[in-house]
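Please read the structure below before turning to the comments.
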Amino acid sequence: KEMVELLLDKKADLNTKDSAGETALDEAEEQGNKEIIELLRQHGAKGK
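Residue numbers (the numbering used here): 1028 to 1075.
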């Protein structure tokens, strides 16, 4: 959670895709991390 908050503070692009075409939100959803999913969505993150 701290890493996501740091990225949010630094205004990182939450919709950047990795080499597999997935965003941070996609990864959080795959892991079932509800806290991170909600945090990312509150800040405008989009998934696939």
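Glycine included, each C-beta is placed from N, C-alpha and C at the ideal position.
Fair warning: this is a prediction, and the values are worked out from it, not measured in the lab.
Item                                                                                             : Value
Residue 1049 (DSSP reduced to helix, strand or coil)                                             : coil
Whole-angstrom C-beta distance between residue 1070 and residue 1033, which should lie under 8 Å : At roughly 13 Å, the Cβ-Cβ gap does not stay under 8 Å, so residue 1033 and residue 1070 are not in contact.
Distance between beta carbons of residue 1052 and residue 1073, contact taken as under 8 Å       : 7 Å
Rounded separation between residue 1047 and residue 1066 - CA only                               : 22 Å
Nearest to residue 1029 (by Cα), restricted to the options 1063, 1075, 1056                      : 1063
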